[in-house]
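Report on one structure; see the data block that follows.
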Amino acid sequence: MIGVMRRLGAKSGIVSLCLGGGNAVAMRISR
Numbered sequence: 000m001i002g003v004m005r006r007l008g009a010k011s012g013i014v015s016l017c018l019g020g021g022n023a024v025a026m027r028i029s030r
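Residues 0 to 30, numbered by numbering that gives the first Met the number 0, are exactly what the sequence shown covers, in order.
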């Protein structure tokens with residue numbers, strides 16, 4: 000994620016992951 004943010008020049012991004020069974024994790028990253 001951080002590598003893509005550097006390449007695109009983004010200052011922040013959001014990552015989400017579905018864990019199945021109604022569970023999920025999300026994280027906001029700023030550089």
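We put the beta carbon where it would ideally sit given N, CA and C, even for glycine.
Small disclaimer: the values here were computed from a predicted structure and weren't measured.
- Annotation: arginine 5 to serine 15 spans about 19 Å, alpha carbon to alpha carbon.
- Here the alpha carbon of alanine 23 sits roughly 18 Å from the alpha carbon of methionine 0.
- DSSP places arginine 5 inside the alpha helix (DSSP H), whose first and last residues are 1 to 7.
- For the pair isoleucine 13 and arginine 27, the CB atoms are nearer than the 8 Å cut-off.
- Minimum Cα-Cα distance from serine 11 among the listed residues Val3, Leu18, Gly21 corresponds to Val3.
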